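Below is one structure, written out as structure tokens, with a few remarks after it.
In full-length UniProt numbering, the protein residues as written are 1 to 418.
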């Protein structure tokens with residue numbers, strides 16, 4: 001490392017900046033190649049002048065998107081799973097996303113996948129030996145039984161890894177959370193509270209929110225994509241076609257496109273008015289119920305409603321979003337609910353977590369091939385082929401087999417300079 005002046009090639013007397021120059025000789029650099037880094041001051045004019053000067057030199061050009069990570073992959077410094085982890089680390093917005101990304105970019109998933117692939121490849125070798133020594137029945141029985149036992153154990157491990165209710169993928173993309181309830185219950189006020197800024201219009205006029213208003217927030221380190229929906233009321237109560245369309249979209253979001261539900265209720269109105277029988281199925285033991293406008297009713301009313309709602313879910317917060325009463329409790333209850341539903345994925349310190357739908361698809365293909373292997377009790381040649389397909393599926397996750405189409409997608413998502 002050295003401190004030096006950077007001069008313009010076209011006009012050497014023109015000092016562009018005072019910078020630190022760091023040389024990383026290959027193969028111990030990030031890319032595995034010889035690398036030189038210029039640590040300059042970050043002002044836009046400084047950066048622009050340095051890039052312009054470098055671009056004027058023969059053999060210099062701007063890097064393509066993800067080119068440094070691509071070179072690291074081609075030189076064996078990273079596998080494809082680690083590259084995806086690096087991309088997630090760059091894009092991480094919350095503590096949970098950072099933990100998941102650093103785990104993957106550090107090779108935790110890659111090591112596990114490689115252990116599984118090694119087991120399959122070893123079993124393939126045993127199957128090939130069975131084909132070569134088919135006349136030795138004693139040899140055949142021992143190898144066949146041992147191989148089936150190994151694959152049975154491996155299949156069970158993969159099955160357990162896949163049966164995570166997609167928690168890792170949800171955490172990576174953001175927990176889709178839907179606010180629902182009757183008109184004027186306080187859903188938009190709750191959205192603004194969670195976002196700590198004015199996201200949705202708050203009005204005493206029923207039906208103000210028509211379309212879904214969405215924003216991403218960080219709640220206790222969890223990435224949460226919160227959607228405010230149109231107030232749900234009987235269709236006969238309004239003749240507004242746009243409001244009816246908004247209620248239809250709200251129902252579709254609540255039933256089909258949400259990971260977590262938050263029901264907002266108005267304590268000044270009867271519970272039955274706000275939660276008709278058709279909507280009670282939306283409230284489960286993993287639903288947060290927010291009882292709003294607590295400052296407008298007596299404590300007896302609050303306790304009576306809390307008791308009724310407690311039969312549906314234990315996650316209840318009593319607030320006044322206008323005065324701020326109870327908002328700290330609300331934040332705590334929501335954080336506890338998120339931890340109870342998604343915390344399991346983060347509890348196993350250092351343990352790999354499946355966060356990528358591409359990995360899941362290849363693991364499911366691998367699992368299917370292993371299942372066909374175990375179902376085949378007679379044809380050794382077909383059994384060996386199923387193991388080959390299984391090994392290839394896992395190899396596609398880490399890039400150990402031909403994945404040109406996948407590479408184009410993965411590296412094109414990087415920003416310039418990564």
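By construction, the Cβ of each residue, glycine as well, lies at the ideal position given by its N, Cα and C atoms. Everything numeric in this text was worked out from a predicted model, so none of it was measured.
Using CA atoms only, rank isn't needed, just tell me which of the options is closest to residue i.
i: residue 334; options: 223, 121, 111 and 35; result: 223
i: residue 212; options: 196, 327 and 248; result: 248
i: residue 157; options: 367, 187 and 400; result: 367
i: residue 47; options: 81, 7 and 302; result: 7
i: residue 172; options: 268, 60, 376 and 94; result: 94
i: residue 374; options: 120, 302 and 287; result: 120
i: residue 124; options: 162, 380 and 396; result: 380
i: residue 340; options: 325, 331, 286 and 318; result: 286
i: residue 147; options: 356, 377 and 354; result: 377
i: residue 169; options: 277, 15, 352 and 129; result: 352
i: residue 152; options: 385, 372 and 388; result: 372
i: residue 246; options: 255, 296, 229 and 278; result: 229
i: residue 386; options: 360, 45 and 128; result: 128
i: residue 278; options: 296, 255 and 300; result: 255
Work out the CA separation of residue j and residue i for me, nearest whole Å.
i: residue 1; j: residue 216; result: 41 angstroms
i: residue 27; j: residue 72; result: 10 angstroms
i: residue 313; j: residue 175; result: 19 angstroms
i: residue 263; j: residue 102; result: 34 angstroms
i: residue 191; j: residue 199; result: 7 angstroms
i: residue 113; j: residue 401; result: 13 angstroms
i: residue 281; j: residue 41; result: 57 angstroms
i: residue 358; j: residue 4; result: 46 angstroms
i: residue 298; j: residue 316; result: 17 angstroms
i: residue 19; j: residue 38; result: 7 angstroms
i: residue 392; j: residue 219; result: 40 angstroms
i: residue 159; j: residue 43; result: 51 angstroms
i: residue 89; j: residue 269; result: 46 angstroms
i: residue 342; j: residue 336; result: 10 angstroms
i: residue 420; j: residue 210; result: Since the first residue of the chain shown is 1 and the last is 418, residue 420 is not available in this structure.
i: residue 311; j: residue 331; result: 22 angstroms
Who are the Cβ neighbours of residue i in its own chain at under 6 angstroms, not counting the five residues just before and after it?
i: residue 35; result: 24 and 29
i: residue 32; result: 26, 75 and 77
i: residue 12; result: none
i: residue 104; result: 85
i: residue 10; result: none
i: residue 54; result: 60
i: residue 143; result: 126 and 130
Beta-carbon within less than 8 angstroms of residue i's beta-carbon, same chain only, minus the 5 sequence neighbours each way: which residues are those?
i: residue 265; result: 181, 182, 185, 271, 274, 275, 289, 290, 291, 292, 305 and 309
i: residue 177; result: 224, 225, 226, 227, 258, 259, 260, 261 and 262
i: residue 251; result: 232
i: residue 329; result: 317, 318 and 319
What does DSSP give as the partner residues of residue i in its beta bridges?
i: residue 292; result: 266
i: residue 301; result: Residue 301 is not bridged to any residue.
i: residue 18; result: 5
i: residue 214; result: 227
i: residue 151; result: Its beta-bridge partners do not exist; DSSP assigns none.
i: residue 320; result: 325
i: residue 180; result: 263
i: residue 39; result: 20
i: residue 287; result: 261
Less than 7 angstroms between C-beta atoms, sequence neighbours within five positions excluded: which residues of the same chain meet that for residue i?
i: residue 165; result: none
i: residue 110; result: 79, 81, 82 and 398
i: residue 244; result: 235 and 238
i: residue 92; result: 98 and 101
i: residue 362; result: 393, 394, 396 and 397
i: residue 294; result: 267, 302, 318, 319, 320, 325 and 326
i: residue 14; result: 7 and 8
i: residue 221; result: 94, 95 and 96
i: residue 149; result: none
i: residue 365; result: 393
So is residue i in contact with chain D if we call contact Cβ pairs under 9 angstroms?
i: residue 157; result: The structure shown has no chain D; it contains just one protein chain.
Subject >> Ranges of the beta strand (DSSP E) found wholly within the segment 50 to 125, counting only runs of at least 3 >> reply: none
Subject >> Complete runs of the alpha helix (DSSP H) confined to the segment 335 to 391 [at least 4 residues] >> reply: The segment 335 to 391 contains these whole alpha helix (DSSP H) runs: 344 to 347 and 357 to 375.
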